[in-house]
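Residue numbers (our numbering): 476 to 554.
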């Protein structure tokens, strides 16, 4: 069982999340913030990891980008 907990959020000015559809076309969504996530992979809470995952706006509200199966990566916009 995998549990996740947001430990901290950080600004993401100028960053976009990349999503790829079934035809291979990429779309870009602004990242609202980056979240430092604590992952727990075992019932005894021993196997844990930290990851930084972007958060985006969706019809569900502000969500972790990797909850969308089409999420690929985060990119910084060119100036």
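For every residue, glycine included, the Cβ atom is placed at its ideal position computed from N, Cα and C. If you're wondering where the values come from, they're calculated on a predicted model, not measured in any experiment.
Give the range of the beta strand (DSSP E) segment to which residue 517 is assigned. Position 42 of the chain shown, counted from the start, is the residue given in the question as residue 517. Taken as a continuous stretch (DSSP letters only), residue 517 belongs to no beta strand (DSSP E), as it is neither H nor E.
Cβ neighbour criterion (16 or more within 10 Å) applied to residue 531: As a working note, residue 531 is residue 56 in the chain shown. Burial call: buried.
What is the DSSP secondary structure of residue 501, counted as helix, strand or coil? Counting from 1 along the chain shown, the entry for residue 501 is found at position 26. Residue state, collapsed to three classes: strand.
On the DSSP bridge list, what partners appear for residue 495? Locating residue 495 in the chain shown gives position 20, where the first residue counts as 1. Answer by DSSP bridge pairing, in chain order: 501.
My output table needs one value for residue 534: the three-state DSSP class, helix, strand or coil. Your numbering for residue 534 matches position 59 in the chain shown. Residue state, collapsed to three classes: coil.
Residue 500 and residue 540: beta carbons closer than 8 Å? Start at 1 with the first residue of the chain shown, and residue 500 comes out as number 25. Start at 1 with the first residue of the chain shown, and residue 540 comes out as number 65. Not closer than 8 Å, so no.
Select from 481, 543, 549, 534 the residue whose C-alpha is nearest the C-alpha of residue 511. Counting from 1 along the chain shown, the entry for residue 511 is found at position 36. Of the candidates 481, 543, 549, 534, the one whose C-alpha sits nearest the C-alpha of residue 511 is 481.
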